[in-house]
Amino acid sequence: MPVVKLNNEYLARLTRCDIKTIRDNLPMMGSEVEREEEEQTDVQYFPNRPDLYSAEGTARALRGYLGIEKGLVEYTVKPSGISFHVDEGLKNIRPYLGSAVIRNVNMDNAMIESLMGLQESLHWAVGRGRKKVAIGVHELDKVEGPFTYLAAEKSTSFVPLDYDREMNMDEILAEHPKGRAYAKIVQDFDKYPLIVDSKGRVCSFPPIINGELTRVTENTHNILLDVTGIEPRAVSVAVNILCTAFVEMGASVETVTIDGVEGPTLAPSKRRVSAAECTKLTGIPMTAAEMAALLEKMRFGCQVIDEDKVVVSIPCYRADIMHDCDIYEDAAIAYGYDKIAAELPPGFTIGKPHPVQALYSEVRAAMTGQGYLENTPFTLTSEDVAYTKMNRPANPKALHVLHPISEDQTIIRTDILPMLMESLALNRSRELPQRIFACGDVVESLTTYPKMAGAVIHTGADFSEIYAAVDSFCMMMSIPYEVKESDDPAFIEGRRGTIVSGGKAIGVFGEISPAVLNAFGLEQPTAAFEIDLRDFVKY
Amino acid sequence: MELTINEKRVIAALAELDSCSDAILAEKLNASPETVVQWAHLCADKGLLTIEKDVTLSARLTDEGKRYAEGGGLPERQVLSKLQAAADSLFLKDLSHDSLAKIAIGWLRKKNWISIQDGKVIVNNEEAQAPGPDEEALKNPVPGTIGCAILVKRGLAVIEEHVSWTISITPDGQALAGAGLNLQEETGTLTRDQIISGEWKSLNLRKYDVTKLPKRIYAGRIHPNQQILDEIRSLLFEMGFTEFYGSIVQNSFWNFDALYQPQDHPAREMQDTFHLAEELPLPDGWEKIREIHQTGGDTGSTGWGGDWSQDISRKCVLRTHSTSLSIQHLANNPNPPLKAFSISRVYRRETIDPTHLPEFEQLEGIVMDEGLHFGHLLGFFKEFFGHMGFEEVRFRPGYFPYTEPSVEPEVWVDGLGWVELGGAGIFRPEVTKPWEIKCPVLAWGLGVSRVSMLRMGLKDLRQLNKSDIDWIRNSPVRRV
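Protein sequences, first through last, are from chains A and B.
Residue numbers for the first sequence follow our numbering, so the first one is 1 and each next one is one higher.
Residue numbers for the second sequence follow our numbering, so the first one is 540 and each next one is one higher.
Okay, structure coming up:
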């Protein structure tokens, strides 16, 4: 989740409130104050509220929440007269474009930092790492419309931001830090996206890098915004969030015509919602007027229709309102979660354990009664531990994770005994005897099923001890069994048995082979057993 | 003062003798010297006796030494006698057939009794051939003499250490003996015969030192963390919740799509989730989910927009949350009322460190009934956390793609402040509508390892799954 750095002085100025009140209220608005510093406050926001990822957006929300202002912020946009053409060749590459002109920009350092932070957070949260949406901000006075967004030959060259020489687009992908970071988004296409002005001067190579020509500085007063992407709604949300943040800075927004369509309008969308439905969902008793008052705190525009219905104007920057319930949640946040009357769910039900969990409880009773200590090892393991060290062939039904994070966790366990051997190795320096067991899920192919295993280590650990443990366990668990000779290479030949129940091999026990003991670094005789429990539980 | 019968016998004997050696005491008490010394030491610890250790050394000839002592002296002396008896000087090679001579030649030359010229052995001046200290010692080895040291070096004698003890009674011991000692035989463990015959009535039962700690027995025990999980399970059974359970492997449909997580959601990417190469088929009705993602379908939602891929949806992952089981449990049980929970391992692609594990237990619960609202969710938490020992609970807005409203409950922990324990909310219509679920569903997920850490005061999460056996052994069942 994005952490946004907010300049205290700037945020307080925009909110018209002291920083302490702001910090106290942010958590109850749905964010988390990560760090408080003299100059800045680091705030973590949820991914559904990209409109808050700047001092400007946060201040706008806070002014409503704290009662300094209320209701919808109305935006007026004038036409800039500037137009764009989007080339058909981008259809399968990066077809969607949003744009706007921002005038009367007077940015100080705090504003420039806020804008850069907003751009970065939007790239992450809305843009999915620039793939879905990428943003470019340009000094408008350096270029001249109409502009063209086209699929360009890779050989096209221009001077990218932070460089002093022309590079072609492939060179940029290979050499420029931003090129290397984002090359994978475009590198497989025949042509690359490019924005040029009427004279063919390059503004931007979306989603990679802008041209040095249109670099924004403290002296920039007029801005051209470009937002490109592969999903039109996300592109439009990003445009709206950026434009309305500029308005908070004191700038004005003008429309751009893209292939005859003028935008952005920054106009709210509307939903007709019901106070009764809101009460039903949140448990907060309220009239339409009361709901409207709460929603105005959250910067919605409200028009009360009757006792129940309210037509809500949803600010253009709110990307998260997909359903009426999203509006009702905002009413509940405005009301205050801590003020909501907490009641117990009234329905009567009778609880009961799941048969597999009940079985595990029985296994624990049977084994702890024998003096064994329970272990709860990981289910992620490696072929090395599960098979190689166990002197067993790899199980072809083991599931391999595609991108393991370490070589210790490449598969999901198919047996539990190797984990017990690891545990004995970990506890090598502890007093003997040690008697341990574990029960839990294993996975073969795509099937999850229950198993248990036990192990003993001490100078006298032997076949007869573990046979007696198996016998006691099976008696306690009502598992009828007989024993046949086993060929499991994890155990010593002639001192190992297969546990057979209902004509099916369900387990193995015996003295662990010294080869296995050596592999795990164990130095004392060890005996162990493992039993597949799936036939003893129905669900 | 509590004395064992044997200690009393030692005191009684010494009260008579005043002082004696361990051998005499052993004879008197009819026990081995080692045993009486042990008893005497116990008495000495109590100030009743003093014990002095006497060490004496003696030298003893080895078998080889004895052979020489009895057979005419050291090898060089025996061979010298033969040489002197011989008429003429002998050749060295002739001597080498004699096994004694082999040993003797070196010593003869070393002692300068003979010399060798052109392979011939010549006996030197007789004056130098007087018996040396080693030969004296062969007759009577005395530790500490040069001769004896030579024999030890030649392996013909060994020095032996003899330890003996002088045991003397102290005035305290005398006083105790003077006051009278009960010398009746003591009984340790009772026998069956003694119990049933009534003999026990006249026995002198040994009294034990009750302040001495026994060797600790480590009881078999369920894992301390499992114990906390079982407490939580019991609490939920009491609150009317039924437990559910399911597969570790889920396709993306149940893990993400059915929970209205957009297919390009960052949590679905490979840096956060363990993906598998396997696929599982989509269930009947999957088209509704596609529709909801794309346009909202008939749920009144706008949906996420964009594309939705069946291929992505079929791909399997290790479940990242047990909400994947909750939604399937609901789809199979769509009629109210329903209260259900599960404690299941879930998987996140995290590197192991003290505060992160790639797999951990998640507690997941759902309540479905007519007329339920957000206030009931908060009420449930207050009740539940109260029983868990967290008196103060507060609720912060939260965000999850599948719930609205969403909440993050926090509990107050002294020393830590507000601690977030999980997330909760009411399932969105986009989640419940496809499965004909008509009532509101309260849903919550809690990281129970965090609860365990707080309850057990653990600093390192790894202790839960890679446990020190001594920690398990020494974890009390009852926590105070």
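Note that beta-carbon positions come from the ideal geometry of N, C-alpha and C, so glycine has one too.
Supposed contact pair I550(B) and L720(B) - C-beta distance, whole angstroms, cut 8 Å: 6 Å
Rounded straight-line distance, which links the Cα of G64(A) to that of L380(A): 49 Å
Nearest-angstrom Cα separation, counted from F520(A) out to M421(A): 7 Å
Segment limits, alpha helix (DSSP H) that includes H804(B): Premise fails: H804(B) is in no alpha helix (DSSP H) and is neither H nor E.
Three-state class that DSSP yields for A251(A) in the structure shown: coil
Cβ pair L225(A), V143(A) closer than 7 Å: no
Assigned secondary structure, Y449(A) (DSSP; H/G/I helix, E/B strand, else coil): strand
Contact list for the segment 437-471 of chain A against chain B, Cβ threshold 7 Å: D441, V443, L446 and T448
The segment 248-265 of chain A / the segment 72-80 of chain A touching (three or more Cβ pairs under 8 Å): yes
Whole-angstrom C-beta distance between P27(A) and R935(B), which should lie under 8 Å: 6 Å
Beta-carbon proximity of G89(A) to A183(A), cut-off 7 Å: no
Test: I531(A) CB closer than 7 Å to a CB of chain B: no
Straight-line Cα distance separating H895(B) from D769(B): 23 Å
Where M542(A) sits in the DSSP three-state scheme: This structure cannot speak to residue 542(A), because chain A is shown only from 1 to 539.
Whole-number beta carbon distance between Y10(A) and S114(A), since they are thought to touch under 8 Å: 7 Å
Cβ neighbour criterion (16 or more within 10 Å) applied to K878(B): buried
Within 7 Å, strictly: CB atoms of V885(B) and S861(B): yes
Segment contact, 8 Å Cβ cut-off, at least three pairs: the segment 210-220 of chain A with the segment 281-298 of chain A: no
Where the segment 337-354 of chain A meets chain B: residues whose CB sits under 9 Å from a CB there: Y337, D338, I340, A341, A342, E343, L344, P345, P346, G347, F348, T349, I350, G351, K352, P353 and H354
7 Å Cβ cutoff, M298(A) in contact with chain B: no
Alpha carbon of F437(A) to alpha carbon of K827(B), nearest angstrom: 46 Å
Same chain, Cβ closer than 7 Å to E36(A), neighbours up to 5 away in sequence not counted: R23
Y938(B): contacting residues in chain A (beta-carbon distance under 8 Å): G30, F46, P47, N48 and R49
Proximal residues, the segment 1004-1015 of chain B versus chain A, C-beta separation under 8 Å: N1004, K1005, S1006, D1007, I1008, D1009, I1011 and R1012
The segment 441-459 of chain A / the segment 478-490 of chain A touching (three or more Cβ pairs under 8 Å): no
Residues of the segment 871-889 of chain B with Cβ closer than 9 Å to any Cβ of chain A, in chain order: P875, P876, L877, K878, A879, F880, S881, I882, S883, R884, Y886, R888 and E889
Whole-Å CB distance - V932(B) paired with V950(B), under 8 Å assumed: 6 Å
Beta carbon proximity, D850(B) to chain A, threshold 7 Å: no
Chain A within 7 Å of D673(B), Cβ atoms only: no
Integer Cβ distance of I327(A) from I333(A), believed to fall under 8 Å: With 8 Å as the limit, I327(A) and I333(A) do not qualify as a contact, their Cβ atoms being about 11 Å apart.
Residue-level contact to chain B via CB, Y317(A), 7 Å cutoff: no
Chain-ordered residues of the segment 223-238 of chain A with a beta carbon less than 7 Å from chain B: E231 and R233
Contiguous beta strand (DSSP E) assignments of at least 3 residues, all confined to the segment 578-634 of chain B: 588-600
Local conformation of K339(A) per DSSP, three classes: helix
Sheet register partners of A455(A) (DSSP bridge): I436(A) and A528(A)
Cβ of S791(B) within 7 Å of any chain A Cβ: no
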